[in-house]
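In my numbering, the protein residues as written are 5 to 400.
Note that beta-carbon positions come from the ideal geometry of N, C-alpha and C, so glycine has one too.
Below: the structure, in structure tokens.
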């Protein structure tokens, strides 16, 4: 799905038409509605989380395989979009189980590392499904590229079939209190955790998808766009996620968030200057913009999701709590992608890129409010191996 807007734009579809494609990801926004069901119902024989991960992964594979067989063209686009929507529903449901698995089995410094691996894996998936698929489509054709994506999903299905989930001690006697959305909403700090997840996602999403469309309109080849996208992906995983996890343990969540948002804003400014003809649209400038945004996105994601996992681990409904937070993040990604594409179609690319800076400024205000919330201060301190953090507007 990451590569579909770029392919359709290549075929001449208008920005207004493409703007609605991200709505295929709607299940990721509303998955919190059935997250308690996933937390409360499972097979003891298969395992609490494997009960959902296995069938959902199989569904995603079958959908991608069908799209690879059909191909993406003018006649098959409606069917492909429907299959992508079904795959989106399955993967969104699976995400509740995988997030719960991580929050339930790690804590302290290991939670930060595990979260970096999870976020890094997600980023790798985005860039393989986006930039990687574009490169393969340019070299081997669209159907071959889609078949490769389906095989990657199949390999994940094989791994989860071979793995055996350890049973929690409480599972052998009685099930915990039923998960519910109301239990999450009543918890102190929930709104701030949601806001950070949303705004960091908006900051990154305002640039990544739109930059590809911008370069397409400037005459760049699919392979060239895919190549700088893959470079950005490496930076996201290694520098953003890996470096972000290292910094979280030493600087604390809030400082890493502020640093990462600053990097993202710097990248957005470069895109604005290119779109406004202040700077030429050249490879080295676009690459620097991609690198800044990628490092910022990876670092912010690790910090925000470490905060969320620490928050979720405090209740006996980790899957539900993480899903609500992730839904907020997905709302930022999917909603922003559609919004900035529509803005670019009406007011130009500069206005779309500027959306990222507005979101980053809003996130800064939420971060600075942490010092007034004891619950969030404690969460941030624990995630940074006990080092206290207190934002100061005036150093003295």
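Less than 9 Å between the C-beta atoms of residue i and residue j, yes or no?
{"i": "residue 35", "j": "residue 231", "result": "no"}
{"i": "residue 272", "j": "residue 210", "result": "yes"}
{"i": "residue 154", "j": "residue 137", "result": "no"}
{"i": "residue 26", "j": "residue 213", "result": "yes"}
{"i": "residue 146", "j": "residue 11", "result": "yes"}
{"i": "residue 313", "j": "residue 103", "result": "yes"}
{"i": "residue 357", "j": "residue 279", "result": "yes"}
{"i": "residue 247", "j": "residue 302", "result": "yes"}
{"i": "residue 87", "j": "residue 105", "result": "no"}
{"i": "residue 335", "j": "residue 22", "result": "no"}
{"i": "residue 60", "j": "residue 101", "result": "yes"}
{"i": "residue 324", "j": "residue 190", "result": "no"}
{"i": "residue 258", "j": "residue 374", "result": "yes"}
{"i": "residue 264", "j": "residue 300", "result": "yes"}
{"i": "residue 123", "j": "residue 245", "result": "yes"}
{"i": "residue 234", "j": "residue 151", "result": "no"}
{"i": "residue 215", "j": "residue 293", "result": "yes"}
{"i": "residue 65", "j": "residue 163", "result": "no"}
{"i": "residue 197", "j": "residue 380", "result": "yes"}
{"i": "residue 283", "j": "residue 274", "result": "yes"}
{"i": "residue 287", "j": "residue 228", "result": "yes"}
{"i": "residue 249", "j": "residue 119", "result": "yes"}
{"i": "residue 76", "j": "residue 8", "result": "yes"}
{"i": "residue 223", "j": "residue 19", "result": "no"}
{"i": "residue 13", "j": "residue 221", "result": "yes"}
If residue i sits next to residue j, beta carbons under 8 Å apart, how far is it from one beta carbon to the other, in whole angstroms?
{"i": "residue 91", "j": "residue 327", "result": "Incorrect: roughly 18 Å between the Cβ atoms, too far for contact."}
{"i": "residue 252", "j": "residue 116", "result": "5 Å"}
{"i": "residue 68", "j": "residue 141", "result": "Going by Cβ atoms, the distance from residue 68 to residue 141 rounds to 14 Å, so no, they are not a contact pair."}
{"i": "residue 28", "j": "residue 85", "result": "6 Å"}
{"i": "residue 290", "j": "residue 372", "result": "Rounded, the Cβ-Cβ distance is 32 Å, inconsistent with contact."}
{"i": "residue 183", "j": "residue 44", "result": "6 Å"}
{"i": "residue 338", "j": "residue 33", "result": "6 Å"}
Along the alpha helix (DSSP H) that carries residue i, what are the first and last residues, could you check?
{"i": "residue 213", "result": "194-221"}
{"i": "residue 131", "result": "112-131"}
{"i": "residue 259", "result": "257-279"}
{"i": "residue 227", "result": "226-239"}
{"i": "residue 108", "result": "81-109"}
{"i": "residue 303", "result": "287-316"}
{"i": "residue 282", "result": "Per DSSP, residue 282 belongs to no alpha helix (DSSP H) and is neither H nor E."}
{"i": "residue 187", "result": "185-189"}
Secondary structure at residue i, three-state DSSP: helix, strand or coil?
{"i": "residue 29", "result": "helix"}
{"i": "residue 354", "result": "helix"}
{"i": "residue 16", "result": "coil"}
{"i": "residue 246", "result": "helix"}
{"i": "residue 47", "result": "strand"}
{"i": "residue 368", "result": "helix"}
{"i": "residue 336", "result": "helix"}
{"i": "residue 404", "result": "Since the first residue of the chain shown is 5 and the last is 400, residue 404 is not available in this structure."}
{"i": "residue 77", "result": "coil"}
{"i": "residue 360", "result": "helix"}
{"i": "residue 41", "result": "helix"}
{"i": "residue 330", "result": "helix"}
{"i": "residue 170", "result": "coil"}
{"i": "residue 146", "result": "helix"}
{"i": "residue 24", "result": "coil"}
{"i": "residue 397", "result": "Any reading at residue 397 needs caution, since the residue's pLDDT is 36, under 50, leaving its predicted position unreliable; the model's value is listed next. In the structure shown, residue 397 sits in coil (DSSP, three-state: anything other than H, G, I, E or B)."}
{"i": "residue 175", "result": "Confidence at residue 175 is low in this model, with a pLDDT of 46, below 50, so the placement of that residue is unreliable and no value is reported for it."}
{"i": "residue 53", "result": "coil"}
{"i": "residue 321", "result": "coil"}
{"i": "residue 381", "result": "helix"}
{"i": "residue 35", "result": "helix"}
> Is the number of C-beta pairs between the stretch 304-311 and the stretch 194-210 that are closer than 8 Å three or more?
Replying inline: yes
> Should the stretch 127-144 be regarded as contacting the stretch 93-105, the criterion being three or more beta carbon pairs within less than 8 Å?
Replying inline: no
>> Under 8 Å: do the stretch 42-57 and the stretch 159-173 share three or more Cβ pairs, one atom per stretch?
In response: yes
>> Does the contact criterion of 3 or more C-beta pairs under 8 Å hold for the stretch 222-241 versus the stretch 118-128?
In response: yes
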